[in-house]
Amino acid sequence: MIVHEVKLALYALDIAVLFKGAIVEQGDTKKILRNPLHSYTQLLIKALLGIEGRKERKYIREGY
1470 MIVHEVKLAL YALDIAVLFK GAIVEQGDTK KILRNPLHSY TQLLIKALLG IEGRKERKYI
1530 REGY
């Protein structure tokens, strides 16, 4: 399943993060959320935290 709503991915046991058409991170959802290795995954998680009402809200990075 492909989702564009990041919150839906939280219900999956395993996830894959795609960036520019390539898988940049794949594996256990909890492990990836706790320790994201790729910079794009890190930005997605920060954006999700912003949606949840945290202080950090907008992340714009050139090339993304």
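Numbered continuously in the working numbering, the sequence shown closes out at residue 1533.
Positions of the beta carbon are idealized from the N, C-alpha and C atoms, including for glycine.
Would you check if the distance between the CB atom of residue i and the CB atom of residue j is smaller than 8 Å?
i, j, result
"I1484", "T1498", "yes"
"L1517", "K1476", "yes"
Using DSSP's beta-bridge definition, name the partner residues of residue i.
i, result
"E1494", "V1486"
Go ahead and label residue i buried or exposed: buried means 16 or more other beta carbons lie within 10 angstroms of its beta carbon, across all protein chains shown.
i, result
"I1501", "buried"
"A1481", "exposed"
"E1525", "Below a pLDDT of 50, predicted positions are generally treated as unreliable, and E1525, at 47, falls in that range; no measurement from the model is reported."
Starting from the C-beta of residue i, find all residues in its chain whose C-beta is less than 8 Å away, skip the five residues before and the five after it, and write them out in chain order.
i, result
"V1493", "V1486, L1487, H1507, Y1509, T1510"
For residue i, which residues of its own chain have a beta-carbon under 6 Å away from its beta-carbon, when the five flanking residues on both sides are left out?
i, result
"H1473", "none"
"H1478", "The question names His, but residue 1478 is Ala in the sequence shown. Here the set comprises V1472, I1484."
"D1505", "Here the sequence assigns Pro to residue 1505, which means Asp is not the residue at that position. Taken in chain order, the residues that qualify are Q1511, I1514."
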